[in-house]
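Residue numbers (this note's numbering), protein chains in the order written: chain A, 1 to 104; chain B, 105 to 586. Ideal Cβ positions, reconstructed from N, Cα and C, are used throughout, including at glycine. Here the structure comes first, spelled out in structure tokens, and everything after it is commentary.
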Amino acid sequence: MNEDAGGPNGPGPGEVWKLKLYIAGQTPRSVAALRNLRRIAEDHLCGRYQVEVIDLLENPQLAKGDQILAVPTLVKDLPLPVRKIIGDLSNTEKVLVGLDLRPA
Amino acid sequence: MAEALQKVPTGIHGFDEVTGGGLPKGRVSLVAGSAGSGKTVFAMSFLVNGAEQYGEPGLFVSFEESSEDLEVNFASQGFDLQALEEQGLVELDHIRIERSEMEETGEYDLEGLFVRLGAEIDAIGAKRVVLDTIEVLFSAFNDEVIIRAEIKRLFRWLADRGVTAIVTGESGQGEITRHGLEEYVADFVVVLNHLVSDETATRRLRIVKYRGSAHGTNEYSFLIDEKGVSVLPISSLGLRHSAPTRRVSWGIDALDEMFGGEGVYQGSSVLISGTAGTGKSTIAAGFVDAACRRGEKALYFAFEESPQQIVRNMRSVGIDLQRWLDSGLLRIHAERPQNAGLEMHLVRMNREVDEFGPSVAVVDPITNLTSIGTYSTIRGMLTRMIDALKSREVTTVFTSLTSGNERLETTDVGVSSLMDTWLLVRNLEVDGRRTRGVYVLKSRGTAHSNEVREFRLSADGIELAESVPAARAFGSGMGQTV
Chain A
1 MNEDAGGPNG PGPGEVWKLK LYIAGQTPRS VAALRNLRRI AEDHLCGRYQ
51 VEVIDLLENP QLAKGDQILA VPTLVKDLPL PVRKIIGDLS NTEKVLVGLD
101 LRPA
Chain B
105 MAEALQKVPT GIHGFDEVTG GGLPKGRVSL VAGSAGSGKT VFAMSFLVNG
155 AEQYGEPGLF VSFEESSEDL EVNFASQGFD LQALEEQGLV ELDHIRIERS
205 EMEETGEYDL EGLFVRLGAE IDAIGAKRVV LDTIEVLFSA FNDEVIIRAE
255 IKRLFRWLAD RGVTAIVTGE SGQGEITRHG LEEYVADFVV VLNHLVSDET
305 ATRRLRIVKY RGSAHGTNEY SFLIDEKGVS VLPISSLGLR HSAPTRRVSW
355 GIDALDEMFG GEGVYQGSSV LISGTAGTGK STIAAGFVDA ACRRGEKALY
405 FAFEESPQQI VRNMRSVGID LQRWLDSGLL RIHAERPQNA GLEMHLVRMN
455 REVDEFGPSV AVVDPITNLT SIGTYSTIRG MLTRMIDALK SREVTTVFTS
505 LTSGNERLET TDVGVSSLMD TWLLVRNLEV DGRRTRGVYV LKSRGTAHSN
555 EVREFRLSAD GIELAESVPA ARAFGSGMGQ TV
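Below, the structure is given as structure tokens:
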């Protein structure tokens, strides 16, 4: 495995990205967000990530815990600090900043 | 055919009168005002009253204060939010937005907020919803276009769910709210104000918009204290009160005699004026005592003495007020005039009258109010007070201190024209002896004596002697005959 795969701020050895993607139903926007997320994760996280997709229409009570108002919202629980990325994740550069894979 | 606008009572004292029944049912209303103007208290009162008085569960969503803070803060207002939450009548939710940990990329909407509110509304079957204050969304998110569209959608969504909602908004420079929330609220907008002048605070509210409903356009004074929010409805009064023919006794036969043997009309306003130490308060206390003896309720507004002091002093002239306090027929509301602005006094007095429902009242003395207002503002306040009392048929005695260097037959605050009956007490010299004299200067609609009667205060009470022959009497210190 190429150590530079994730760029200068790519994952260190043993690090795993724990991600949650909040959506509200299978809207074109949530489909786009999931597609964008998978692409970015494959390109920059080299398989070392877990994504949990949470549909608030099925589990409305989960909106409270992470204070989710906007959907789609991607929450990076690990590595710390916790960050939220709102929107369909169409801007790869901003997503990378949000995932701490690029300096802001 | 268009359906008539239905209204939901807020339970806020006076506000439902001003609005002809409360807020528009199933709509979103905007409560705007600057920081500290009372928006949150107003909104919470609407919610708690709904739960307690009308059996309508309510959801309070705070974007600023935590639920714990709200519980603590409102405990001082007499609201037991925790108990209401346990009963499932009120749900508090704190939505906390950390701007710093967010990044925005691409399109989004606020469906998460909708889902959350929807679940909470369903959980308790909420009929009332408060969002305090939704404007936080503008600073939480970058894309103002999305936020505006979503707030508009949220208000429609709330209406579709059939809940009656209040959203609060911060006043902006020259705008009703900083972010123009009023553009999205079609039906009802009220603006709260908090002014401080001469170190006394006055709160006012103004209904800017009430679609489909007649409403007063005046500014109304309101009060926030341990009893919640009270609004003083003014324009609903005026010269429309009835004119009862029943008479109310003074409790002193000789004084009743001066009014054709029957006393004054019920619901009339009576002024007792005179210089210091002439017995104005004593006559007023006698009037109160007589009402309580008849089993009627009496309310005494004291602006000079504490309740204990009044009771003690009146006991020395044989009037026992303590027993009426004990039996609950008498209530003494004692307050320094300086404790509040005129408006606030008026709101408080109005509420006391509403709550206690007295048949007679005393305001002792009105002249002490000059320390907090000009003659014209006091006159305005008394006009409103008298209107309120008359509409409830409360017979009210006002005492007024005349200072020595003014003409006796003028009052310091120039309110005599507001009064139906004017009784003047003064010091007299009769046969070289100092005594007190009382006479009726005017009494609308009743035959009254034109005599000057000497009256004495003793441990047995007030006693009126025979009339004083003019030739023998001289006004004390005034150098004029009566």
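DSSP three-state assignment for residue i, whether helix, strand or coil
{"i": "B/Glu-439", "result": "coil"}
{"i": "B/Trp-526", "result": "strand"}
{"i": "B/Leu-285", "result": "helix"}
{"i": "A/Gln-50", "result": "strand"}
{"i": "B/Met-418", "result": "helix"}
{"i": "B/Tyr-212", "result": "coil"}
{"i": "B/Val-240", "result": "helix"}
{"i": "B/Trp-354", "result": "coil"}
{"i": "A/Asp-100", "result": "coil"}
{"i": "B/Pro-113", "result": "coil"}
{"i": "B/Arg-560", "result": "strand"}
{"i": "B/Arg-200", "result": "coil"}
{"i": "B/Thr-123", "result": "coil"}
{"i": "B/Gly-137", "result": "strand"}
{"i": "B/His-552", "result": "coil"}
{"i": "B/Leu-493", "result": "helix"}
{"i": "B/Ile-270", "result": "strand"}
{"i": "B/Asn-363", "result": "First, the amino acid is wrong: residue 363 of chain B is Phe here, not Asn. Three-state result, B/Phe-363: coil."}
{"i": "B/Phe-245", "result": "coil"}
Near the ligand ZN: residue i beta-carbon under 7 Å from a heavy atom
{"i": "B/Phe-119", "result": "Judged by which ligands are present, the structure shown has none, so any question about the ligand ZN falls away."}
Own chain partners of residue i with C-beta closer than 8 Å, once the 5 adjacent residues on each side are dropped
{"i": "B/Arg-435", "result": "Lys-401, Ala-402, Leu-403, Tyr-404, Leu-429, Glu-456, Phe-460, Pro-462"}
{"i": "B/Ala-465", "result": "Ala-402, Leu-403, Tyr-404, Phe-405, Val-457, Leu-493, Val-498, Thr-499, Thr-500, Val-501"}
{"i": "B/Thr-382", "result": "Val-529, Arg-530, Asn-531, Arg-540"}
{"i": "A/Gly-6", "result": "With a pLDDT of only 43 at A/Gly-6, under 50, the local geometry of the prediction cannot be trusted, and the value read off the model is given with reservation. His-44, Leu-45, Cys-46, Leu-101, listed in sequence order."}
{"i": "B/Pro-441", "result": "Phe-407, His-449, Asn-472, Leu-473, Ser-475, Ile-476"}
Cβ-based neighbour list, residue i, same chain, cut-off 6 Å, excluding 5 preceding and 5 following
{"i": "B/Thr-349", "result": "none"}
{"i": "B/Ser-520", "result": "Trp-526"}
{"i": "B/Gly-590", "result": "An answer regarding residue 590 of chain B cannot be provided, because it is not within the stretch 105 to 586 covered by chain B."}
{"i": "B/Val-157", "result": "The sequence given here places Gln at residue 157 of chain B; Val does not occur at that position. Around B/Gln-157: Gly-115."}
{"i": "B/Arg-397", "result": "none"}
{"i": "B/Ile-228", "result": "Pro-161, Gly-192, Glu-195"}
{"i": "A/Arg-29", "result": "Asp-88"}
{"i": "A/Val-16", "result": "Arg-48"}
{"i": "B/His-198", "result": "Ser-166, Ser-170, Ser-171"}
{"i": "A/Lys-84", "result": "Thr-73, Val-75"}
{"i": "B/Gly-367", "result": "Arg-351, Val-352, Ser-353, Trp-354, Asp-360"}
{"i": "B/Leu-241", "result": "Ile-251"}
{"i": "B/Glu-175", "result": "Leu-185, Gln-186"}
{"i": "B/Val-293", "result": "Leu-134, Glu-286, Val-312, Lys-313"}
CA nearest to the CA of residue i, picked from the options
{"i": "B/Ile-251", "options": "B/Val-467, B/Asn-472, B/His-283", "result": "B/His-283"}
{"i": "B/Pro-411", "options": "B/Glu-224, B/Gln-110, B/Arg-307, B/Leu-425", "result": "B/Leu-425"}
{"i": "B/Val-534", "options": "B/Leu-522, B/Ala-563, B/Ala-569", "result": "B/Ala-569"}
{"i": "B/Arg-548", "options": "B/Phe-119, B/Ser-372, B/Leu-235, B/Val-152", "result": "B/Ser-372"}
{"i": "B/His-552", "options": "B/Ser-334, B/Tyr-369, B/Val-132, B/Ala-263", "result": "B/Tyr-369"}
{"i": "B/Glu-279", "options": "B/Ser-353, B/Pro-161, B/Met-148, B/Ala-136", "result": "B/Ala-136"}
{"i": "B/Phe-559", "options": "B/Phe-407, B/Leu-309, B/Leu-359", "result": "B/Leu-359"}
{"i": "B/Ser-334", "options": "B/Gly-222, B/Thr-487, B/Val-145", "result": "B/Val-145"}
{"i": "B/Asp-329", "options": "B/Arg-557, B/Phe-178, B/Val-556, B/Asn-417", "result": "B/Phe-178"}
{"i": "B/Arg-203", "options": "A/Leu-80, A/Ala-70, A/Ser-90, A/Asn-91", "result": "A/Ala-70"}
{"i": "B/Asp-468", "options": "B/Lys-546, B/Leu-522, B/Val-374", "result": "B/Val-374"}
{"i": "B/Ser-325", "options": "B/Gln-110, B/Val-122, B/Arg-538, B/Asn-554", "result": "B/Val-122"}
Closer than 8 Å to chain E by CB, residue i
{"i": "A/Gln-61", "result": "Of the chains in the structure shown, none is chain E; the protein chains are A and B."}
Sequence-distant residues of its chain with Cβ nearer than 7 Å to residue i (five each side left out)
{"i": "B/Val-112", "result": "Gly-126, Leu-127, Lys-129, Thr-268"}
{"i": "B/Leu-262", "result": "Val-132, Val-233, Ala-269"}
{"i": "B/Ile-423", "result": "Ala-389, Gly-390, Asp-393, Gly-565"}
{"i": "B/Arg-496", "result": "Val-457"}
Worksheet item: Do the stretch 388–400 of chain B and the stretch 539–558 of chain B make contact, defined as three or more Cβ pairs closer than 8 Å?
Response: no
Practice prompt. Pair every Cβ in the stretch 289–301 of chain B with every Cβ in the stretch 87–99 of chain A, then say whether three or more of these pairs are closer than 8 Å.
Written response: no
Worksheet item: Using a Cβ cut-off of 8 Å, which residues of the stretch 84–101 of chain A contact any Cβ in chain B, in chain order?
Response: Lys-84, Ile-85, Ile-86, Gly-87, Asp-88, Leu-89, Ser-90, Asn-91, Lys-94, Val-95, Val-97, Gly-98
Discussion item. Within 8 Å, do at least three Cβ pairs link the stretch 208–218 of chain B to the stretch 243–259 of chain B?
Written reply: yes
Worksheet item: Can at least three beta-carbon pairs, one atom from the stretch 149–164 of chain B and one from the stretch 190–199 of chain B, be found at a separation below 8 Å?
Response: yes
Worksheet item: How about the stretch 63–77 of chain A and the stretch 14–23 of chain A: do they share at least three Cβ pairs that are nearer than 8 Å?
Response: yes
Worksheet item: Of the residues that make up the stretch 248–278 of chain B, which ones have a beta carbon closer than 7 Å to any beta carbon in chain A?
Response: none
Worksheet entry | Against chain A: residues of the stretch 222–251 of chain B by CB proximity under 8 Å | Gly-222, Ala-223, Leu-241, Ala-244, Phe-245
Fill in: Near-chain B residues of the stretch 47–73 of chain A - C-beta to any C-beta below 8 Å
Leu-56, Leu-57, Pro-60, Gln-61, Ala-63, Lys-64, Gln-67, Ile-68, Leu-69, Ala-70, Val-71, Pro-72, Thr-73
Discussion item. Using 8 Å as the cut-off, can you tell me whether the stretch 61–70 of chain A makes contact with the stretch 168–187 of chain B, which would need three or more C-beta pairs spanning the two stretches below that distance?
Written reply: no
Discussion item. Tell me which residues of the stretch 200–221 of chain B have at least one Cβ-Cβ distance to chain A shorter than 7 Å, keeping chain order.
Written reply: Arg-200, Ile-201, Glu-205, Met-206, Glu-207, Glu-208, Thr-209, Gly-210, Glu-211, Tyr-212, Asp-213, Leu-214, Glu-215, Gly-216, Leu-217, Val-219, Arg-220
Practice prompt. Check distances from the C-beta atoms of the stretch 25–42 of chain A to those of chain B and list, in chain order, the residues that come in under 7 Å.
Written response: Arg-29
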